[in-house]
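Remarks on the structure that follows.
Numbering (our numbering), first residue to last: 22 to 350.
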């Protein structure tokens with residue numbers, strides 16, 4: 022990342038230390054993966070927010086650790102929000118109203134986000150807001166395992182393919198911060214690939230570039246979320262559906278496998294009888310998944326949210342999916 026400078030942080034390494042990822046969302050969010058444990062619990066870095074850009078620092082933390090963060094801003098100021106695991110945008114600390122420093126204990130294990138941004142007025146003028154970020158942790162850190170890999174370090178979304186080849190058929194695209202089960206990696210023609218699977222025995226696996234996969238915290242234990250008898254799903258039912266320009270007067274069957282933290286796979290039966298997968302990340306629809314190798318290329322996807330209801334358009338069809346489908350309850 023141009024402009025980022027590490028001031029201190031002994032032992033930072035690419036795989037388990039600091040990693041820059043370019044824009045990962047349409048809103049120009051960058052992702053930086055930090056592992057304070059590999060830096061003796063202290064990381065200090067300098068960078069800047071440019072225009073509408075948002076930078077998310079992704080930090081793996083264990084329940085009960087103490088977290089201290091200070092964002093020393095320049096002129097114009099950058100602001101810091103803290104976001105708990107499983108939340109896309111809802112912050113438990115908002116720097117614009119609560120100041121530039123936070124200290125507290127984590128109440129759960131997971132990947133926390135430190136979000137740096139500018140106010141809209143400064144962003145609109147294309148201002149550059151420099152800052153110095155100091156991050157300290159105390160307490161036993163979480164275990165990072167090569168059995169689980171987190172997506173990071175790329176611009177956009179990571180392609181999951183049927184074979185370890187750049188031109189192999191696409192299964193889906195995975196967002197930064199999503200944790201996968203690892204089935205091993207190998208060198209194929211000078212390029213390292215990893216075979217990975219969606220968690221919780223969701224039935225979807227494929228190959229992705231090892232350049233963008235890093236050891237991670239194990240996904241949440243979902244044993245308390247019982248499976249529907251005789252199948253892989255945590256819940257089944259029907260949602261309103263129909264052709265996208267018509268009233269959604271029909272009912273389409275679904276089944277959901279929940280990974281925890283608002284992540285999961287929803288299998289939808291389309292009005293024409295075909296099936297497709299809808300990948301949720303941090304509580305919101307994020308991408309389509311080919312459930313059948315014989316299925317055609319993935320159609321266009323668009324999402325609108327009204328309260329706790331998502332209106333999802335997949336090609337010619339639209340669906341209304343309650344948030345409870347992925348969150349439970």
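From the three backbone atoms N, C-alpha and C, an ideal C-beta is built for every residue, glycine too.
Next on the checklist: As a quick exercise: from 162, 91, 137, 126, pick the residue whose alpha carbon is nearest that of residue 61.
Outcome noted: 162
Item to check | Ordered list of alpha helix (DSSP H) runs contained in the region 66-127, each at least 4 residues | outcome: 116-119
Checklist entry - Given residue 91, which residues of its chain have a CB within under 7 Å of its CB, disregarding the five upstream and five downstream residues? => result 121, 122, 155
Item to check | Same chain, Cβ closer than 6 Å to residue 45, neighbours up to 5 away in sequence not counted | outcome: Model confidence at residue 45 stands at a pLDDT of 32, short of 50, so the residue's coordinates are unreliable; what they give is reported in the following sentence. Taken in chain order, the residues that qualify are 52, 197.
Checklist entry - residue 317 by DSSP, collapsed to three states: which one? => result coil
Checklist entry - In angstroms, rounded to a whole number, what distance separates the CA positions of residue 296 and residue 281? => result 23 Å
Checklist entry - Where do the N-terminal and C-terminal ends of the beta strand (DSSP E) with residue 59 fall, by residue? => result Counting along the chain, residue 59 falls outside any beta strand (DSSP E), and DSSP gives it neither H nor E.
Checklist entry - Under the DSSP definition of a beta bridge, which residues are partnered with residue 50? => result 75
Item to check | Cβ neighbour criterion (16 or more within 10 Å) applied to residue 214 | outcome: buried
Next on the checklist: Taking 8 Å as the cut-off, does the region 106-116 touch the region 281-290 (at least 3 CB pairs, one atom from each stretch)?
Outcome noted: yes
Checklist entry - Three-state secondary structure (DSSP) at residue 277? => result strand
Checklist entry - Can you tell which of 140, 141, 98, 158 has the C-alpha that lies nearest to the C-alpha of residue 124? => result 158
Checklist entry - By Cβ distance, which residues of its chain are closer than 6 Å to residue 117, with the 5 residues on each side in sequence left out? => result 100
Item to check | Beta-carbon proximity list for residue 277, same chain, < 8 Å, skipping 5 on both sides | outcome: 254, 255, 256, 257, 285, 286, 287, 288, 346, 347
Checklist entry - In whole angstroms, what is the alpha-carbon distance linking residue 42 and residue 216? => result Because the pLDDT at residue 42 is just 36, under 50, the model does not fix this residue reliably, and the point stays unresolved.
Checklist entry - In whole angstroms, what separates the C-alpha of residue 307 from that of residue 301? => result 5 Å
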